[in-house]
Amino acid sequence: MAVLTRRDGKTVVEELTATEVEKLIKEHEEKEKEAEAK
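Using my numbering, you'd call the opening residue of the sequence shown number 1 and step up by one each time.
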């Protein structure tokens with residue numbers, strides 16, 4: 001998985017490791033659970 005970011009006016013592609021992807025997924029799932037609880 002990759003992420004596009006802007007640095008010094010240029011678009012940079014950053015490849016994420018499997019660990020980083022898993023962390024992002026976990027954070028997203030936690031936010032969804034919080035939103036459902038409201």
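In this text, a Cβ means the ideal position worked out from N, Cα and C, and glycines have one as well.
Please read all numbers here as calculations on a predicted model, not as lab measurements.
In whole angstroms, give me the CA-to-CA distance for Glu20 and Asp8.
The residue labelled residue 20 in the question sits at position 20 within the sequence shown. The residue labelled residue 8 in the question sits at position 8 within the sequence shown. Distance between the alpha carbons of Glu20 and Asp8: 24 Å.
Which residue marks the beginning of the alpha helix (DSSP H) containing Leu16, and which one marks its end?
In the sequence shown, counting from the first residue as 1, residue 16 sits at position 16. That residue, Leu16, is in no alpha helix (DSSP H); it is neither H nor E in DSSP.
So what's Lys10 in DSSP terms, helix, strand or just coil?
Translated into positions along the sequence shown, residue 10 becomes position 10. Reduced to three states, the DSSP call for Lys10 is strand.
From Thr17 to Val3, what distance separates their C-alpha atoms?
For the purposes of this step, residue 17 is identified with residue 17 of the sequence shown, where counting begins at 1. For the purposes of this step, residue 3 is identified with residue 3 of the sequence shown, where counting begins at 1. So the alpha carbons of these two residues sit roughly 11 Å apart.
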